[in-house]
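Asks: Per this note's numbering: the sequence shown = residues 1 to 452.
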Amino acid sequence: MKSFLSVRRPSGRHPVPVRLLAFAVALVACVPGPPAIDGTGTITIAGATLIDGTGAPPVEDAVVIVRGDRIEHAGSRADVPVPEGGEVVDAAGKFLIPGLVDLHNHYRDGLEEWSWALQLHAGVLTVRSLGSDHGQTPAMIAEAGAGNVPAPRIFTAGVGFTHPEGFPPGKLGPATEEEARAMVRELAAQEVDLIKMWVDTFLDTRPKIGPEIRAAIADEAARHGIPVSAHVFFEEDVWQLVDAGVRSFVHGVRDQEVDDDFVAMAQENGLTFAPALGQAKTFWWVAEHPELLDEEEFRAGLQPALLERLLDPENRAAMLESESTARRRVAYDYVTKFVRGMNEAGVPVTVGSDSGAGNIAYGWGTHHELETLVEDAGLTPLEALAAAGAAAAAELTVDPDFGSVAEGMAADLVLLSADPLADIRNTRRIERVMQAGVWLERGLPEFPLREE
Ligand SMILES: [Zn+2]
Numbered sequence: 001m002k003s004f005l006s007v008r009r010p011s012g013r014h015p016v017p018v019r020l021l022a023f024a025v026a027l028v029a030c031v032p033g034p035p036a037i038d039g040t041g042t043i044t045i046a047g048a049t050l051i052d053g054t055g056a057p058p059v060e061d062a063v064v065i066v067r068g069d070r071i072e073h074a075g076s077r078a079d080v081p082v083p084e085g086g087e088v089v090d091a092a093g094k095f096l097i098p099g100l101v102d103l104h105n106h107y108r109d110g111l112e113e114w115s116w117a118l119q120l121h122a123g124v125l126t127v128r129s130l131g132s133d134h135g136q137t138p139a140m141i142a143e144a145g146a147g148n149v150p151a152p153r154i155f156t157a158g159v160g161f162t163h164p165e166g167f168p169p170g171k172l173g174p175a176t177e178e179e180a181r182a183m184v185r186e187l188a189a190q191e192v193d194l195i196k197m198w199v200d201t202f203l204d205t206r207p208k209i210g211p212e213i214r215a216a217i218a219d220e221a222a223r224h225g226i227p228v229s230a231h232v233f234f235e236e237d238v239w240q241l242v243d244a245g246v247r248s249f250v251h252g253v254r255d256q257e258v259d260d261d262f263v264a265m266a267q268e269n270g271l272t273f274a275p276a277l278g279q280a281k282t283f284w285w286v287a288e289h290p291e292l293l294d295e296e297e298f299r300a301g302l303q304p305a306l307l308e309r310l311l312d313p314e315n316r317a318a319m320l321e322s323e324s325t326a327r328r329r330v331a332y333d334y335v336t337k338f339v340r341g342m343n344e345a346g347v348p349v350t351v352g353s354d355s356g357a358g359n360i361a362y363g364w365g366t367h368h369e370l371e372t373l374v375e376d377a378g379l380t381p382l383e384a385l386a387a388a389g390a391a392a393a394a395e396l397t398v399d400p401d402f403g404s405v406a407e408g409m410a411a412d413l414v415l416l417s418a419d420p421l422a423d424i425r426n427t428r429r430i431e432r433v434m435q436a437g438v439w440l441e442r443g444l445p446e447f448p449l450r451e452e
């Protein structure tokens, strides 16, 4: 029926009999009327351009019907009529995208609620905490999951693995394979969503976690059905980790250009990369663009001590002159080329801002990553939105019910006042955020000054 009726749309080009026939069929179809949707209790967002987060082309004049915490219908007005009753939001001229998914975040003990409030404000409605849950953070994540603390949907790695003398400090640093396996079993008992490991020398300042230990971690995680995500820098480590069963990576190859063999290996093994480009360039970007410090959303998402350091012109000059910045720029050239190549080869590139690390502000950082993927790695805005949509969601769970706007999905929506496909920075022009069917009261939170 649907496909037959579609004959009618380019009607100007059809001879009269076909148009008449189509008209007659349409009339017959209209006699009983399309099944009327009872709008009672629904919220309908009507008239926006829908960018559904899968990479599919936008749908103009869309109708999205929300019932409870779910999307009941989403499509063009021609297919989905606005129901009678319920609340109707006229969104003509606006743009609707799914709540953003950010795969790379670090939350600080005591700053969780503040961080999550910033992310909700920015329309970041699903996050992955990547290996730094300390102090009260696990308990806060549990509270958030129970709905007692306003927060995005949270997936967590708990505490991640590194070399005993590696970076970051205070993480799990098993000395033997047996110890590594015991630690993975402990994390499994805590019901973490994934295992995180850092495999990096941090500009030759720290030892890397050993290959046998990595393999033991990956093997034990697989026994418990838990995925592993690895922070990488060197190409050789990606090969070794893939051999050990790892498929999910944050950052990317930053020590050299990869060849066709690597690309084929990445395709064959279904690798994914969340490159955190915005975080990588943050070590000079703020110094080169001090006007960022005028952006309310950037300032509000940084801890005050960090903001103060960045506001000092001497510190910013030192950032530009430091030897480590020069090395990071070289690595950045490699990783942007790498991401471009992966994206062109169809290897999923996803959004992970590394918020809470470097000079990355919660909430703002996710939008900055979208912008950087487009500007520096050649993703189209549509691809970037899929990277923070369905592609990122697929990384978190086998059959995600979030990350895209479609029937049956969670009603996590961000309504924009300007077109993100025309300019990806328009994802920041947020009018309203809906989480699980509820419009959020947005606002930038105050930094929580702890009483000493
Ligand atoms: Zn990180």
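Glycine included, every Cβ here is placed at the ideal spot set by N, Cα and C. Predicted, not measured: the structure shown is a model, and the values here were computed from it.
Ordered along the chain, which non-local residues of its own chain (more than five positions away) have a Cβ less than 6 Å from that of D354?
Replies: In the sequence shown, counting from the first residue as 1, residue 354 sits at position 354. So the list reads H104, A276, Q279, I360, once near-sequence residues are dropped.
Asks: Got a sec, what are the start and stop residues for the beta strand (DSSP E) A189 sits in?
Replies: By one-based count along the sequence shown, residue 189 stands at place 189. Taken as a continuous stretch (DSSP letters only), A189 belongs to no beta strand (DSSP E), being part of the alpha helix (DSSP H) at 177-189.
Asks: Please tell me whether, using a cut-off of 6 Å, the distance from the CB of L172 to the nearest non-hydrogen atom of ligand 1 is below it.
Replies: Position 172 of the sequence shown, counted from the start, is the residue given in the question as residue 172. Not so, every heavy atom of ligand 1 lies at least 6 Å from the Cβ.
Asks: Going by other Cβ atoms of all chains shown within 10 Å of its Cβ, with 16 needed for buried, is R329 buried or exposed?
Replies: Within the sequence shown, the letter at position 329 stands for residue 329. Exposed, by the Cβ-count rule.
Asks: In this structure, does DSSP put M409 in helix, strand or coil?
Replies: As a first step, residue 409 must be located in the sequence shown, where it is residue number 409. Three-state result, M409: coil.
Asks: Going by DSSP in three states, V250 sits in which element: helix, strand or coil?
Replies: Numbered from 1 along the sequence shown, position 250 holds the residue referred to as residue 250. Correct three-state label for V250: strand.
Asks: Cutting at 8 Å between CB atoms, please list the residues of its own chain near V286, excluding the five before and the five after it.
Replies: As a first step, residue 286 must be located in the sequence shown, where it is residue number 286. If we look at V286 and ignore the five residues flanking it on each side, its Cβ neighbours are L292, L293, L310, R316, M319, N359.
Asks: If you draw a straight line from the alpha carbon of L396 to that of F155, how long is it in whole angstroms?
Replies: The residue given as residue 396 occupies position 396 in the sequence shown. The residue given as residue 155 occupies position 155 in the sequence shown. Each residue's Cα considered, the two are about 7 Å apart.
Asks: Please state if the CB of P83 and the CB of G53 are separated by a distance shorter than 7 Å.
Replies: Along the sequence shown, one-based indexing puts residue 53 at 53. Along the sequence shown, one-based indexing puts residue 83 at 83. No.
Asks: So, using beta-carbon positions, are G352 and V250 closer together than 7 Å?
Replies: If you number the sequence shown from 1, residue 352 lands on position 352. If you number the sequence shown from 1, residue 250 lands on position 250. Against a cut-off of 7 Å, the Cβ pair of V250 and G352 comes out as a contact.
Asks: Taking 6 Å as the limit between beta carbons, can you name the residues of its chain near V89, skipping five residues before and five after?
Replies: Taking the first residue of the sequence shown as position 1, residue 89 is located at position 89. Answer for V89: I45, listed in chain order.
Asks: Would you call the CB atoms of P227 and L194 closer than 7 Å?
Replies: Position 227 of the sequence shown holds residue 227. Position 194 of the sequence shown holds residue 194. Cβ atoms of P227 and L194: closer than 7 Å.
Asks: Since G403 and T126 are thought to touch, with beta carbons under 8 Å apart, how far apart are those beta carbons, to the nearest angstrom?
Replies: In the sequence shown, counting from the first residue as 1, residue 403 sits at position 403. In the sequence shown, counting from the first residue as 1, residue 126 sits at position 126. Indeed, because the Cβ distance is near 7 Å, the residues count as touching under 8 Å.
Asks: What first and last residue would you give for the alpha helix (DSSP H) that runs through P313?
Replies: Position 313 of the sequence shown, counted from the start, is the residue given in the question as residue 313. Counting along the chain, the alpha helix (DSSP H) containing P313 begins and ends at 313-321.
Asks: I believe G363 touches L118 by the beta-carbon criterion, under 8 Å. Please report the beta-carbon distance rounded to the nearest angstrom.
Replies: In the sequence shown, the residue the question calls residue 363 occupies position 363. In the sequence shown, the residue the question calls residue 118 occupies position 118. Contact holds; Cβ gap of about 4 Å.
Asks: Figure out for me which residue from K208, H368, A388 has the closest Cα to the Cα of E295.
Replies: Stepping through the sequence shown from its first residue, residue 295 is reached at position 295. It is H368.
Asks: Run through the stretch 70-120 for me and flag every whole beta strand (DSSP E) of 3 or more residues, listed as ranges in chain order.
Replies: List check, beta strand (DSSP E) in window: 70-76, 87-90, 95-98, 100-105.
Asks: Under three-state DSSP, which class holds P231?
Replies: Here the question's residue 231 lines up with position 231 in the sequence shown. Here residue 231 is His; the residue named in the question, Pro, does not match the sequence. Of the three classes helix, strand and coil, the one that applies to H231 here is strand, per DSSP.
Asks: Below 8 Å on the Cβ atoms is my contact criterion, and I expect E235 with V263 to pass it. Report the Cβ-Cβ distance as a whole number of Å.
Replies: Here residue 235 corresponds to residue number 235 of the sequence shown, with the count starting at 1. Here residue 263 corresponds to residue number 263 of the sequence shown, with the count starting at 1. Incorrect: roughly 12 Å between the Cβ atoms, too far for contact.
Asks: Among V339, A221, T350, whose alpha-carbon lies nearest the alpha-carbon of E186?
Replies: In the sequence shown, residue 186 corresponds to position 186, counting from 1. Minimum Cα distance to E186 is reached at A221.
Asks: Kindly confirm or deny that the stretch 63-79 and the stretch 408-415 touch, where touching means at least three C-beta pairs closer than 8 Å.
Replies: Yes, they touch.
Asks: Should P169 go down as buried or exposed, given a rule of 16 or more other Cβ atoms within 10 Å for buried?
Replies: Locating residue 169 in the sequence shown gives position 169, counting from the first residue. With fewer than 16 Cβ atoms within 10 Å of its Cβ, P169 is classed as exposed.
Asks: Going by C-alpha distance, which of D237, A391, G86, L306 is nearest A357?
Replies: For the purposes of this step, residue 357 is taken as residue 357 along the sequence shown, with counting starting at 1. That would be L306, whose Cα lies nearest to the Cα of A357.
Asks: Going by Cα to Cα distance, which pick from V258, A392, D109, D401 is closest to L449?
Replies: What you label residue 449 is simply residue 449 of the sequence shown in a count that begins at 1. Closest option to L449, Cα to Cα, is D109.
Asks: Cα-Cα, which of D312, S229, W116 is closest to A274?
Replies: For the purposes of this step, residue 274 is identified with residue 274 of the sequence shown, where counting begins at 1. Cα-wise, what sits closest to A274 is S229.
Asks: Skipping 5 residues on each side, what residues in its chain have a beta carbon closer than 6 Å to that of I43?
Replies: Position 43 of the sequence shown, counting from 1, holds the residue named residue 43. If we look at I43 and ignore the five residues flanking it on each side, its Cβ neighbours are V66, E87.
Asks: Is D354 a contact residue of ligand 1, with contact defined as CB to any heavy atom under 6 Å?
Replies: Taking the first residue of the sequence shown as position 1, residue 354 is located at position 354. Answer for D354: yes, Cβ within range of ligand 1.
Asks: For P313, count the other beta carbons within 10 Å of its own beta carbon; 16 or more makes it buried, fewer makes it exposed. Which is it?
Replies: Along the sequence shown, one-based indexing puts residue 313 at 313. Exposed.
Asks: Might you give, ordered along the chain, the residues of its own chain that have their beta carbon closer than 7 Å to the beta carbon of G33, omitting 5 neighbours on each side?
Replies: Within the sequence shown, numbered from 1, the residue matching residue 33 stands at position 33. Since pLDDT at G33 reaches only 49, below the 50 mark, its modelled position is unreliable, and the value read off the structure follows with that caveat. Correct list: empty, nothing qualifies.
Asks: Using the Cα positions of D333 and E288, report the straight-line distance between them to the nearest angstrom.
Replies: Reading the sequence shown from its first residue, position 333 is the one you call residue 333. Reading the sequence shown from its first residue, position 288 is the one you call residue 288. Each residue's Cα considered, the two are about 17 Å apart.
Asks: Is A357 near ligand 1, with its Cβ less than 6 Å from a heavy atom?
Replies: Along the sequence shown, one-based indexing puts residue 357 at 357. Under cutoff, so the answer is yes.
Asks: Indicate the three-state DSSP secondary structure (helix, strand or coil) for D294 in the structure shown.
Replies: On the sequence shown, residue 294 is found 294 positions in, with the first residue counted as 1. Three-state result, D294: helix.
Asks: Looking at ligand 1, does it come within less than 6 Å of L130, judged from the CB to the closest heavy atom?
Replies: For the purposes of this step, residue 130 is taken as the residue at position 130 of the sequence shown. Because some heavy atom of ligand 1 lies under 6 Å away, the Cβ of L130 counts as near it: yes.
Asks: Hey, how far is the Cα of P304 from the Cα of E446?
Replies: Taking the first residue of the sequence shown as position 1, residue 304 is located at position 304. Taking the first residue of the sequence shown as position 1, residue 446 is located at position 446. So the alpha carbons of these two residues sit roughly 10 Å apart.
Asks: Is the stretch 142-151 touching the stretch 176-191, taking contact as three or more C-beta pairs under 8 Å?
Replies: Touching, no.
Asks: Candidates L444, P81, G47: which alpha carbon is nearest I37's?
Replies: If you number the sequence shown from 1, residue 37 lands on position 37. Checked all of L444, P81, G47; the closest Cα to I37 is P81.
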